[in-house]
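Data first, discussion second: the structure below is written as structure tokens.
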Amino acid sequence: MNLKKMICRGLVVSTLALSFQTAGAGMIGADQAAPGAAQTDRAMVLEVLARADTTSRLEAMGVDPNQARDRVAAMSDQEVTQLASDMREAPAGADGGTVLLVLVILAAIWYFGFRR
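Counted the way mature numbering (1 follows the signal peptide of the UniProt record, and there is no 0) counts, the sequence shown spans residues -25 to -1, 1 to 91.
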């Protein structure tokens, strides 16, 4: 019994001693917190420019896709981050609300016009 108590006490002491660790904390800037954010945003914009549908749309508007890629490469990190943010926040179906409104109006006209 005495051996079990000694082993238990030793395990408790070692567990308590191992659980305390020191850690240094300090304020860091945004550039340190996300060092690759600008590169990630630039890669995302260039990936969108490389897609076939984007390339065909640029050509339809008279813009050379290679020139567009060169301009993105020449942008500052802040400009690329803003562009990537705008691309993420842009609605996918921008005119979806208008279509829904037209359908509701047509349904109301049909309901009240043909209700006899």
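Each residue gets a CB set at the ideal place from its N, CA and C atoms; glycine is no exception.
Rounded straight-line distance, which links the Cα of residue j to that of residue i
i: Val38; j: Ala49; result: 16 Å
i: Gln14; j: Lys(-21); result: 59 Å
i: Met19; j: Ala82; result: 42 Å
i: Gly72; j: Ile80; result: 12 Å
i: Thr30; j: Arg46; result: 15 Å
i: Leu21; j: Val(-14); result: 57 Å
i: Leu33; j: Ser51; result: 22 Å
i: Trp85; j: Arg63; result: 39 Å
i: Ala25; j: Glu54; result: 19 Å
i: Ala(-9); j: Ile3; result: 30 Å
Closest Cα partner of residue i within the set the options
i: Pro40; options: Ser51, Gly1 and Ala27; result: Ala27
i: Gln57; options: Ala(-3), Asp16, Ala25 and Ile(-19); result: Asp16
i: Ala12; options: Leu76, Asn(-24), Phe89 and Ser60; result: Ser60
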